[in-house]
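Trainee:
Written out as structure tokens, the structure reads:
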């Protein structure tokens with residue numbers, strides 16, 4: 001009988017936890033991965049350092065006027081600080097801007113809770129934000145009633161104008177899109193042709209020409225003396241244009257609903273509108289949330305085109321502000337600021353849609 | 001249990017899909033409380049026939065009279081007929097975005113206009129009858145096929161139909177789930193519901209059917225009580241069909 005001899009110990013397994021473990025398994029697992037990681041890190045760092053330096057470290061955050069910026073190598077944020085009120089409100093009367101503040105605070109209060117799961121009164125707030133809120137904010141912003149000073153739409157501008165255009169566009173384009181999409185699938189030839197015509201017409205024209213036509217050509221066709229607001233015309237143009245896209249997105253969802261769903265709903269005794277509202281649309285809209293939000297985001301960014309018909313949205317105001325000779329070269333700061341404004345809103349919409357998709361996911365489809 | 005009053009009358013009914021003659025001169029009289037099983041090879045028009053009864057398909061000539069109401073293009077009549085007739089489908093067709101309970105209450109709330117609380121009580125009553133009250137808060141996608149079909153039956157029963165149509169209710173199910181669905185259907189038959197059932201479950205046909213109807217190429221080829229139908233089929237096509245489904 002031989003003596004018991006233990007085998008030599010194996011080396012300890014390589015750590016796969018902790019920071020070192022994470023680096024090893026994700027960045028340096030093989031020689032090729034290590035090389036790729038090192039090269040990528042080099043490029044990312046060499047790009048990020050100057051950007052961060054420009055935007056934060058060497059940037060000028062405090063001071064007065066252009067003089068404070070002249071020596072600095074970084075961003076001149078005091079230019080934005082100096083112009084923030086014009087970027088936000090345009091040439092809206094300065095002593096009346098509280099009205100815009102209230103309107104957007106109301107918007108934040110009624111829409112904000114939708115981002116959170118457990119929040120009381122979500123439904124009433126959502127209904128409020130789609131019904132009473134637009135009316136209240138219209139009177140609040142435009143005035144001319146309830147003792148508020150009248151502010152013509154020519155004086156609306158800046159980020160607040162962008163938000164008004166986007167809000168009205170989104171709130172109006174979705175229902176119109178739903179109706180047109182249903183119409184396009186209708187069995188009645190007249191309704192179907194009208195809806196196809198609507199979609200093909202608006203989708204076939206660039207938004208710029210829609211806006212041009214609404215501001216230059218339309219008045220030529222209207223009877224003399226009859227004139228309606230330029231902003232309203234732009235809003236109708238944008239809404240019609242995006243409704244056509246929305247209708248096609250929603251039609252995609254409607255086509256994905258199996259026939260059995262319609263049959264089960266009819267067998268139950270639901271009429272056409274009941275079937276659509278209770279059975280088909282909830283499923284179809286959920287399916288195309290990514291497409292709907294895509295259209296919303298496109299709409300939000302397309303509002304910048306109103307500058308070609310002389311409405312001053314935030315981008316237009318940034319553009320005119322950077323040409324101010326009182327300031328040095330502040331183009332980059334201006335455009336970065338404008339881009340940031342758009343990004344914040346578009347990113348929030350995107351996050352909200354992802355949240356909604358997760359929430360509405362109800363297991364396997366049958 | 002059957003009375004002499006007829007629940008469904010099909011008189012000289014014809015249907016075409018374009019040039020294709022799917023249903024040829026169908027004559028059928030179903031008495032109240034009668035249980036009928038319809039079988040036949042695929043493409044013989046069995047499903048199409050029962051789908052005509054609640055107007056999921058339109059017939060072109062002949063008459064369909066359901067509980068004294070003749071089906072025409074008049075939407076009000078179609079609505080009335082659909083209130084009398086419940087239907088279960090091969091693929092269940094539950095609404096995937098609603099819970100089991102909401103699937104059942106949808107029709108009660110929006111068609112029968114019951115208050116939500118009452119509708120939920122009715123729905124729970126029928127979910128108990130199909131023995132799945134504990135699944136009420138789940139979504140259809142979380143249930144097995146057999147459970148889904150039982151929910152679908154409960155959903156139809158909620159609308160208190162006088163006639164139930166079953167369109168191959170067990171064809172999409174795994175064998176071990178077929179029994180739970182058939183049990184529910186047998187119970188329903190015992191209670192005197194008028195039933196038209198397209199199925200190939202011959203055991204079920206023998207047990208509950210008052211009459212078995214055999215269809216082929218759009219015609220009713222043979223009809224008889226289950227005993228004679230299975231033991232002494234008259235028509236050659238029926239014999240062939242039966243030998244095929246029982247022979248292995």
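Residue numbers (my numbering), protein chains in the order written: chain D, 1 to 366; chain B, 1 to 248.
Just so you know, even glycine gets a beta-carbon here, dropped at the ideal spot from N, CA and C.
Suppose the cutoff is 8 Å on Cβ atoms and the five residues either side in sequence are ignored; what does the same chain contact list for residue 151/B look like?
Mentor: 92, 94, 100, 103, 104, 127, 130, 132, 135, 140 and 143
Trainee: Can you list, in chain order, the residues of the segment 45-65 of chain B whose Cβ is nearer than 7 Å to any Cβ on chain D?
Mentor: 54 and 56
Trainee: How would you list, in chain order, the residues of chain D whose beta-carbon sits under 9 Å from the beta-carbon of residue 21/B?
Mentor: Those within 9 Å of residue 21/B in chain D number zero; the least Cβ separation is about 23 Å.
Trainee: Would you list the one or two residues that DSSP bridges to residue 213/D?
Mentor: The partner list for residue 213/D (beta bridge, DSSP) is empty, contrary to what the question assumes.
Trainee: Can you find the residues in the same chain that come closer than 7 Å, C-beta to C-beta, to residue 98/B, ignoring five residues on each side of it along the sequence?
Mentor: Hits under 7 Å: 106.
Trainee: Would you mind giving the Cβ-Cβ distance between residue 303/D and residue 238/D, rounded to the nearest angstrom? I have them listed as a contact below 8 Å.
Mentor: About 7 Å; that satisfies the 8 Å criterion.
Trainee: Just tell me which of 201/B, 163/B and 156/B has its CA closest to the CA of residue 170/B.
Mentor: 201/B
Trainee: Evaluate the contact criterion for the segment 228-244 of chain D versus the segment 200-219 of chain D: three or more CB pairs, one atom per stretch, below 8 Å.
Mentor: Contact holds: three or more Cβ-Cβ distances are below 8 Å.
Trainee: With 9 Å as the limit, tell me which residues of the segment 283-316 of chain D have their beta carbon closer than that to any beta carbon of chain B; keep them in chain order.
Mentor: So the close ones are 283 and 286.
Trainee: Here's a check: name, in chain order, each residue in its chain whose Cβ is nearer than 8 Å to the Cβ of residue 184/D, leaving out the five neighbours to either side.
Mentor: 192, 195, 196, 199, 247 and 251
Trainee: From the DSSP output, which residues share a beta bridge with residue 219/B?
Mentor: 216/B
Trainee: Who are the neighbours of residue 231/D on chain B, taking C-beta pairs under 7 Å?
Mentor: What residue 231/D touches in chain B: nothing, since even the nearest Cβ is about 39 Å away.
Trainee: Three or more C-beta pairs under 8 Å: does that hold for the segment 56-76 of chain B against the segment 12-19 of chain B?
Mentor: yes
Trainee: Along chain C, which residues have their Cβ under 9 Å away from the Cβ of residue 87/B?
Mentor: Judged by its chain identifiers, the structure shown contains no chain C, and its protein chains are D and B.
Trainee: Can you give the beta carbon distance from residue 51/B to residue 189/B, rounded, assuming they're within the 8 Å contact cut?
Mentor: Wrong, their Cβ atoms sit about 21 Å apart, outside the cutoff.
Trainee: Taking residue 14/B as the query, report the chain D residues whose CB atoms sit under 7 Å from its CB, ordered along the chain.
Mentor: Within chain D, no residue comes near residue 14/B; the closest Cβ sits about 22 Å away, beyond 7 Å.
Trainee: Please report the straight-line C-alpha distance between residue 69/D and residue 60/D, rounded to a whole angstrom.
Mentor: Linking residue 69/D to residue 60/D through their CA atoms gives a straight-line distance of about 6 Å.
Trainee: Taking the alpha-carbon positions, what's the residue 112/D to residue 132/D distance?
Mentor: Rounded to whole angstroms, residue 112/D to residue 132/D spans 16 Å at the Cα level.
Trainee: Identify every residue that forms a DSSP beta bridge with residue 36/B.
Mentor: 196/B and 211/B
Trainee: Tell me whether residue 54/B is buried or exposed, calling it buried when 16 or more other Cβ atoms sit within 10 Å of its Cβ.
Mentor: buried
Trainee: Compute the Euclidean distance between the alpha carbons of residue 361/D and residue 342/D, then round it to the nearest angstrom.
Mentor: 29 Å
Trainee: Would a C-beta distance cut-off of 7 Å place residue 58/B and residue 48/B closer than the cut-off?
Mentor: No; because the gap between Cβ atoms is not below 7 Å, this pair is not in contact.
Trainee: Helix, strand or coil for residue 99/B? Go by DSSP, reduced to three states.
Mentor: coil
Trainee: Under a CB-based cut-off of 7 Å, is residue 279/D close to chain B?
Mentor: At a cut-off of 7 Å between C-beta atoms, residue 279/D counts as an interface residue with respect to chain B.
Trainee: Can you give the Cα-Cα distance for residue 127/D and residue 109/D, rounded to whole angstroms?
Mentor: 13 Å
Trainee: Would residue 147/D count as contacting chain B if we go by Cβ distances under 7 Å?
Mentor: no
Trainee: Within 7 Å of any Cβ in chain B, is that where the Cβ of residue 274/D sits?
Mentor: yes
Trainee: Closer than 7 Å, CB to CB, is residue 125/B near chain D or not?
Mentor: no
Trainee: Of the residues that make up the segment 244-262 of chain D, which ones have a beta carbon closer than 7 Å to any beta carbon in chain B?
Mentor: 260 and 261
Trainee: On the three-state DSSP scale, how would you describe residue 93/B?
Mentor: coil
Trainee: So, are the CB atoms of residue 324/D and residue 161/D less than 7 Å apart?
Mentor: no
Trainee: Between which residues of its own chain and residue 78/D is the CB-CB distance below 8 Å, once the five residues before and five after are set aside?
Mentor: 60, 61, 62, 63, 64, 65, 68 and 69
Trainee: Given this structure, state the Cα-to-Cα distance separating residue 82/B from residue 145/B, to the nearest angstrom.
Mentor: Going from the Cα of residue 82/B to the Cα of residue 145/B covers about 25 Å.
Trainee: What residue from 7/B, 28/B, 9/B and 20/B has the CA that sits closest to residue 221/B's CA?
Mentor: Of the candidates 7/B, 28/B, 9/B and 20/B, the one whose C-alpha sits nearest the C-alpha of residue 221/B is 28/B.
Trainee: Output the residue ranges of the alpha helix (DSSP H) runs that lie fully inside the segment 151-188 of chain D and measure 4 residues or longer, sorted by chain position.
Mentor: 158-184
Trainee: Going by the beta-carbon positions, is the gap between residue 157/B and residue 196/B smaller than 7 Å?
Mentor: no
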